[in-house]
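**Student:**
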Amino acid sequence: MKLGILFSGRGTNLNALIDACKDDKYPAEIAIAISNNPNAEGIAIAEAAGIPVQVINHKEFEDRDTFDAALDSTLKEAGVELVCNAGFMRILTSGFVKNWHNRQLNIHPSLLPAFKGLHVHDRVLESGVRLTGATVHFVRDEMDEGPIVAQVAVPVNADDTVETLTARVLEAEHQIYPMAVRLVAEGKARVQGERVTIQGMPDSKTGPLFVPALS
Ligand code: GAR
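With the working numbering applied, the sequence shown covers 9 to 223.
#1: Between the segment 194-205 and the segment 174-181, do at least 3 Cβ pairs fall closer than 8 Å?
#2: Among Asp-31, Asn-114, Asp-152, which has the Cα closest to the Cα of Asn-21?
#3: Would you call Val-226 buried or exposed, if buried means 16 or more other Cβ atoms sit within 10 Å of its Cβ?
#4: Go ahead and pull the three-state DSSP assignment for His-66.
#5: CB-CB under 8 Å to Val-137, same chain, minus the five flanking residues each way: which ones, in chain order?
#6: Strictly by DSSP, which residues pair up with Gln-200?
#7: Measuring from the CB of Glu-85, is there a heavy atom of the ligand MG at a distance below 7 Å?
#8: Which residue spans inside the segment 117-157 form an unbroken alpha helix (DSSP H) run of at least 4?
#9: Between the Cα of Glu-134 and those of Asp-167, Asn-47, Asn-107, spot the shortest distance and give me the residue it belongs to.
#10: So, do the segment 45-55 and the segment 117-131 have three or more beta carbon pairs nearer to each other than 8 Å?
#11: Which residue wins for smallest C-alpha separation from Glu-150, given the options Leu-100, Ala-188, Leu-191?
#12: Going by C-alpha distance, which of Met-187, Arg-98, Gly-195, Val-160 is nearest Asp-27?
#13: Which residue comes first and which comes last in the beta strand (DSSP E) that contains Lys-84?
#14: Hey, is the segment 146-162 in contact with the segment 88-106, meaning 3+ C-beta pairs nearer than 8 Å?
#15: Taking the beta carbon of Glu-181 as the centre, do at least 16 other beta carbons fall within 10 Å, making it buried, or is it exposed?
#16: For Val-204 versus Ile-184, is the C-beta spacing smaller than 8 Å?
#17: Compute every distance between the C-beta of Arg-116 and the non-hydrogen atoms of the ligand GAR, then say whether any falls below 7 Å.
#18: Pull up the distance between the alpha-carbon of Leu-207 and that of Leu-191, whole angstroms please.
#19: Report all residues from its chain with a CB closer than 6 Å to the CB of Trp-108; omit the five preceding and five following residues, and keep chain order.
#20: Once DSSP output is grouped into helix, strand and coil, what is the label at Pro-38?
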């Protein structure tokens with residue numbers, strides 16, 4: 009399956025997907041990576057890996073519709089079948105989201121539907137939750153909403169700072185995103201209603217996982 013990766017900054021999730029695609033047995037390849045930000049660090053990561061990378065700077069467009077139309081045509085010209093948002097910090101128009109319905113994934117650094125939006129780890133630390141994590145989901149009109157393909161839980165330590173928690177969650181993101189893309193590329197993750205069922209994976213029969221306040 010041909011992937012189009014959308015990113016805006018650091019590019020560590022882009023890098024995780026690049027690494028996964030290096031394996032001949034991985035069922036996906038990156039057709040193009042697109043950044044809306046000309047200064048994104050991820051651009052150098054894609055270039056170093058020999059991935060076609062393009063900057064489509066949103067500031068050069070009149071409005072969201074014309075920017076999204078440029079994104080859409082670039083993805084289609086590259087033959088993209090699945091769009092993967094990897095730290096792409098632009099709100100997409102409903103027209104774009106509709107065009108890629110059930111063919112666009114996003115990764116978010118929390119256990120959705122908790123902690124949607126920005127500054128997730130600050131809010132997680134303030135809230136006192138003991139478990140956080142990361143979610144890969146199909147994209148819908150509302151930000152950080154849509155059928156969930158996979159989630160990973162990450163403990164919050166008592167002495168965590170935004171930096172230490174970010175690093176722990178990112179490590180988990182780098183594992184879960186390639187795994188979720190694999191499930192979609194192999195046709196094993198199907199959207200039924202607004203829920204995803206994973207073919208060949210029975211519902212978990214494990215009991216609760218207790219995470220006390222860690223110190
Ligand atoms: C990641 O933590 C990703 O989950 C988050 O942006 C970061 C990008 O890091 N995405 C969102 O918050 C989307 N709502 P990266 O550029 O190193 O992959």
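In this text, a Cβ means the ideal position worked out from N, Cα and C, and glycines have one as well.
**Tutor:** With the structure as the only source:
#1: no
#2: Asn-114
#3: With the chain covering 9 to 223 only, the question about residue 226 has no answer from this structure.
#4: Assigned with DSSP and collapsed to three states, His-66 falls in helix.
#5: Ala-122, Val-164
#6: Arg-203
#7: The ligand MG is not part of the structure shown, which contains the ligand GAR as its ligands.
#8: 128-135
#9: Asp-167
#10: no
#11: Leu-100
#12: Met-187
#13: Here Lys-84 belongs to no beta strand (DSSP E); instead the alpha helix (DSSP H) covers 72-85.
#14: In short, these stretches touch, since the Cβ pair count reaches three.
#15: Counting of Cβ neighbours within 10 angstroms places Glu-181 among the buried residues, the total reaching 16 or more.
#16: no
#17: A small correction: the amino acid at residue 116 is His; Arg does not occupy that position in the sequence shown. His-116 Cβ: within cutoff of the ligand GAR.
#18: It is worth fixing the name first, because residue 207 is Gln in this sequence and not Leu. Taking the straight line from one Cα to the other gives about 9 Å.
#19: Cβ within range, chain order: Val-91.
#20: The sequence given here places Ile at residue 38; Pro does not occur at that position. Three-state DSSP puts Ile-38 in a strand.
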